[in-house]
Amino acid sequence: MAEALGIVSSVIAVIDLSVKVASRCSEYYTNVKNAQDDIKRLQSEAQELKAILEKVHSTCDGSNGVRLQDPQSLCKGVEDCQKQLVQLEGKLEPRGANKLMNRYGIRALKWPFKSKEVDSLIKKLENCKANISFSLQVDQEVQILNIHQNNVLDKLRYVNNAAFDSHDEEHNARCYQDTRAELLRHIDSWASDRDSKCIFWLNGMAGTGKSTISRTVAQNLAQKGELGASFFFKRGKGDRGHAGMFFATIVTQLVQKLPSLAPHVRDAIEADPGISGKALGQQFDTLVLKPLMKIQNDPQKSSSIVIVVDALDECDREKDVEAIIRLFSQAQHIASLKFFLTSRPELPIRLGFKKIGDRYKGLVLHEIPEEIVKEDISSFLEHELAIIREDYNISVTQNRQLPADWPGYTIIQSLVGMAIPLFIFATTICRFINDRKCGQPKEQLAEVLKYEGRSQVSKLDATYLPVLNQLIFEVNPSQRRGILQDSKQVVGSIVILASPLSATSLDRLLGLPEGIVDSKTDLLHSVLSIPSRPDHHIRLLHLSFRDFLIDTEKCGTNPFWIDEKDTHKKLATRCIELLSTGENLKKDICNVRTPEKPRADIDKQTIDFHLPSEIQYACQYWVYHLKESGSSIYDSDQVHNFLKCHFLPWLESLSLIGRLRESIGMVDSLLNIIDPIKGDQIARFLHDGKRFILSYYSIADSSPLQLYSSALTFAPKKSIIRNTFHNYIPDWILQKPNTDLGWNTVLQTLEGHSGSVNSVAFSADSKLLASASRDHTIKIWDTATGTLQQTLEGHSNSVNSVAFSANSKLLASASCDRTIKIWDTATGTLQQTLEGHRGSVNSVAFSTNSKLLASASGDHTIKIWDTATSTLQQTLEGHSNSVNSVAFSANSKLLASASRDYTIKIWDTATGTLQQTLEGHRCSVNSIAFSANSKLLASASHDYTIKIWDTATGTLQQTLEGHSNSVNSVAFSTNSKLLASASNDRTIKIWDTATGTLQQTLEGHRGSVNSVAFSANSKLLASASCDYTIKIWDTATGTLQQTLEGHFGVRNLSFGITNSTLITDIGCFRLNINSNIPLPSSSRAINSRSHRQGLSINESWVIWNDQNLLWLPPDFRPEIFTISHTGSKLAIACQSGRVFIIGINDPYSNIL
């Protein structure tokens, strides 16, 4: 008892300390603006600690009767906590001048911790909480795991309405008792059998009841404790219509079901915070598969964990569907993990299942014997119609009541005959009969029965026409035309929308008076999910309703037929009109006013207030509707005028709602529909706009207002976007840097590797780019946006080479760890590891049909492997030194190898015999490449030259000279007219293969260029460098318009006292014009670096008073910088030799 009292006393003291820390954090939060996230995090941690300590207090004071199992341990835990808080409070106490200034009411608080220190403090406090909870023996596991669960939920973006028990699915049907009984028993038996296939695929045509079965299966599994997660795809319902957040949603539900999974998922997220945006395979492996494997023996886990996925066919991208099927099949080694999938039997899904062989159990719903289906539909109708009869009879006087046996066995059987095999018919006509807005049940039933026996009427006609005909029942022809026109506008929009909207938002989008959509859908509750609140989304109850309305074969026969293209055109027009109205789009739409503000720090409520649903919809989908309408665009049309006025605010809004990545695809779609005769100006605008997005995507996505400051400031002088929106450049930028006249040939710079990038390769369709690095990883990039898709880890040493298979489904990598690895590019999973070389593997190449893989090694050999079986086919010996490169001819009959022994050898791949040895280089041959027709072979050498050989005769055709250092890589364009070469001299050169003349020299890398690769259409060229970057170049636009270069970068510089001169280690320059500063060839060094109050700089930002202000693009980042004596100008010298000056005024002077 005494021990308990002592603990209570200590706990009270620690509670008091936690209150003081939280209070002190609150004071900092009010007065310090540059660390508010860290302050808030620490404050929250102190408040959580207080809550736990209060629980300890209530436990120890005897009021709840809990006996302490280990008071000494608890006492130590409280003492440790007290020490941490005492130290923390001491550091938060204002010191010295700050304290004195505070005494006189002057705010001078400075946050004493860096972000990493806050992370460390929070971890220590979390340990304190965990130790105290453990010592108490009260809900210990729940306490700790809840922390992990909350961490997972906080850090993953997931779809919160996709589960079977979500509000969206709440009122959707489940199977009635005694219906689908045999099928449900069959599924239950599969789920419970640990030896059964890991996937159960239930497929059936539209309307056969798949989703109803899925909801029932999920509900049954949940009741037994065997449901791991569920995801119900729904086309046209935003994030439920694609796989972007599919695995994040699955794992979010899994950690709630299995708390012991949470810490492993949390660790995975902390190791890769961007995992939810990576490729599906990497997400599945990192978030689902590996964490589940770590808890396989956890007693908390039930015998089975089943993940239910409904309507896989409603997932937008066919490749994603195929990837999901393949990924699920790879989980078969976890015996307890199973997947229940439903879909229509569409071709991509059938192919996906065919590719995984016998790793699934399939059942075709519409092939279930008709008698069983007939009984199930009959039971459903009897049950539903009885409820309708009872509800109706309760609500009316006795003389209007329906007979007790209504509607009778005969009529029910007639309805069953009309329905088979479509359950959707039964559910829709029951909703219709029960809809009192349309009429009384008896009348509604008679309307349905009119369609019985009409041979020309399809099942869907009989399902939906009785509902729709109520709209035009007993109206004259002129009224009929008006009603049909209005209903087509409203209902047509609802079924064509890419994502659902509420009635209120749809009114605004369509430009209708408020309440019109509501009134026009009053009689359609049988086919649409219409919420009681006008701000909730209207949704289709079943996709077959859309199929029925847009069926082109019903154009002349269905009065409610929707012209799909015309509806898309009208929606596109209305989207553009809405976005062009008033201030629906404008600079700084959320009134943030601080240019560096990260998008993540702007709360969703603020964004939704300034960008309501219909505006967000219009921003995301106006291009989609325009493309689907089949329209063309041309100069000075509605689209062109919109872009000239609103292009940047549109990008800002897309960034705010997290959709900027889609802008590049939208611009590409617009480029594809330009009128070839009347579209010259809009084409130039869009091409410039695409370069603008690609160049500044990374910063615009994270800090949207940098579009107006950084992007416009550093864009080329002749950029159409810069000149169109130059008035948007902030006033606080007093002097803009002198930029190049036009866009240079660098389309994108991809940053992410932590070591030299040794090799790059494009996929066959050029949508992906793979890079191999000395950091032991391979990265796969999306070439459209420059975003990282996957990081492939597994090699234990530098990765030297990567190569895609012909169909791009496989990627091979070669490493200094003496292995070759083959990866699945869709999922990121490792398929094979090939071992056998005794030295570093320097190069890999697939044969044209991808059946063979060649590898070159430091052990002087080339090996040829069978990719299907992973077996070694041949070992080719003949080189007397390391083999640096291999390449197959177009027909794969020849294999060329390049070696450090100064030679190239050509081999017969069928027999392994040596055909030719090509000699002529004076140093190591680093790279080789066949032309498309295999008549030419190019070789790159350490002797600074490239040679082109005739493969038939082995004679030397040309020697290309121009590089000033070792040439590391060569690549032919697809038509073999161009040859690219990469060198240690930091340049890429493009040559005309017919004449041997130099066409272009591409400059921009800050280190040796190790590898080059053309895209399939040869419009893009990728290069990999020791500067840790990959650059993507436009091969059509020519050389850089202006480059100021020197072999030696500027190391030191400073302004003269009058600010009229700039002193550098390579010379002194008079500043009489705003221009780039030419650099002389020799100078003396000056050791001077200046810093001034307010203005500063770090690696990638210009800083004002410790706040990020202006983002610096990669080509403008400093090697050295100095600040003028007035503190308003920055001179920045880059490694390339470029020096530029920028003038900055106080950016916050107009905000305070």
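Numbering-wise (full-length UniProt numbering), the sequence shown opens with residue 1 and increments by one. Ideal placement from N, C-alpha and C gives every residue a C-beta, glycine not left out.
{"Asked": "Distance between ALA856 and ASN881 (C-alpha atoms, nearest Å)", "Found": "11 Å"}
{"Asked": "Residue environment, SER526, which counts as buried when at least 16 other CB atoms sit within 10 Å", "Found": "buried"}
{"Asked": "Proximity of ILE388 and CYS438 at Cβ, strictly below 8 Å", "Found": "no"}
{"Asked": "Straight-line gap, VAL306 to GLY794 (C-alpha atoms, nearest Å)", "Found": "30 Å"}
{"Asked": "Continuous beta strand (DSSP E) stretch holding TYR1148: start and end", "Found": "Taken as a continuous stretch (DSSP letters only), TYR1148 belongs to no beta strand (DSSP E), as it is neither H nor E."}
{"Asked": "Secondary structure of TYR360, DSSP reduced to three states", "Found": "strand"}
{"Asked": "Minimum C-alpha distance to PRO545 - residue among PRO466, ASP601, THR785", "Found": "The sequence given here places Phe at residue 545; Pro does not occur at that position. The option with the nearest alpha carbon to PHE545 is PRO466."}
{"Asked": "Paired residues, beta bridge with LEU227 - DSSP", "Found": "VAL306"}
{"Asked": "Best match in LEU254, ASN1017, PHE432 for proximity to LEU523 [C-alpha to C-alpha]", "Found": "PHE432"}
{"Asked": "Cβ neighbour criterion (16 or more within 10 Å) applied to ASP320", "Found": "buried"}
{"Asked": "Test item: CB-CB of LEU402 and TYR392 under 8 Å", "Found": "yes"}
{"Asked": "Candidates SER892, ILE269, SER458, SER702, of which the one nearest GLU553 by Cα", "Found": "SER458"}
{"Asked": "Per-residue burial, ARG67 [other beta carbons within 10 Å of its own, 16 or more giving buried]", "Found": "Low confidence applies here, because ARG67 scores a pLDDT of 47, under 50, leaving its location unreliable; read the following figure in that light. Exposed."}
{"Asked": "ILE199 and LYS361 closer than 8 Å at C-beta", "Found": "yes"}
{"Asked": "Contact check, ALA812 vs ILE822, beta carbons under 8 Å", "Found": "yes"}
{"Asked": "Which of helix, strand or coil DSSP assigns to GLN296", "Found": "coil"}
{"Asked": "Same chain, Cβ closer than 8 Å to ILE1144, five either side skipped, listed in chain order", "Found": "TRP732, ILE733, LEU734, LEU1095, VAL1102, TRP1104, LEU1109, LEU1110, SER1128, LYS1129, LEU1130"}
{"Asked": "Which residues DSSP lists as bridging GLU961, in chain order", "Found": "THR945"}
{"Asked": "In chain order, each beta strand (DSSP E) run of at least 3 residues that lies wholly inside the UniProt repeat \"WD\" (834-875)", "Found": "841-846, 852-857, 861-866"}
{"Asked": "CB of SER798 within 8 Å of CB of ARG774, strictly", "Found": "yes"}
{"Asked": "Alpha-carbon spacing of ILE144 relative to GLN253, whole angstroms", "Found": "Confidence in ILE144 is poor, its pLDDT being 47 and thus under 50, which makes the residue's placement too unreliable to answer from."}
{"Asked": "Where LYS570 sits in the DSSP three-state scheme", "Found": "helix"}
{"Asked": "Nearest-angstrom Cα separation, counted from THR827 out to GLY996", "Found": "42 Å"}
{"Asked": "Where LEU351 falls, given that 16 or more other Cβ within 10 Å makes a residue buried", "Found": "exposed"}
{"Asked": "Nearest candidate by alpha-carbon position, reference LEU1002, set ALA761, SER414, ASP985, ASN1017", "Found": "ASP985"}
{"Asked": "Other residues of its chain near PRO1118: CB distance less than 7 Å, five sequence neighbours each side excluded", "Found": "ILE1097, ILE1132, ALA1133, CYS1134"}
{"Asked": "Inside the segment 719-798 only - alpha helix (DSSP H) runs reaching at least 4 residues", "Found": "720-724"}
{"Asked": "Beta-carbon proximity list for CYS923, same chain, < 7 Å, skipping 5 on both sides", "Found": "TYR902, SER941, HIS942, ASP943"}
{"Asked": "Residues that THR987 bridges to, as DSSP identifies them", "Found": "GLU1003"}
{"Asked": "Whether GLY679 touches TYR634 by CB criterion (8 Å)", "Found": "yes"}
{"Asked": "Any beta strand (DSSP E) of 3 or more consecutive residues that is wholly inside the segment 524-590", "Found": "none"}
{"Asked": "Own chain, CB closer than 6 Å to VAL86, minus 5 neighbours either side, in chain order", "Found": "none"}
{"Asked": "Segment contact flag, the segment 685-696 with the segment 641-648, C-beta cutoff 8 Å, min 3 pairs", "Found": "yes"}
{"Asked": "Alpha helix (DSSP H) segments (min. 4 residues) lying fully within the UniProt domain \"Nephrocystin 3-like N-terminal\" (186-344)", "Found": "210-224, 246-257, 262-271, 280-283, 290-294, 318-329"}
{"Asked": "ASP1034, enclosing beta strand (DSSP E) - first and last residue", "Found": "1029-1034"}
{"Asked": "Closest residue to GLN681 among LYS644, SER663, GLN706 (Cα-Cα distance)", "Found": "LYS644"}
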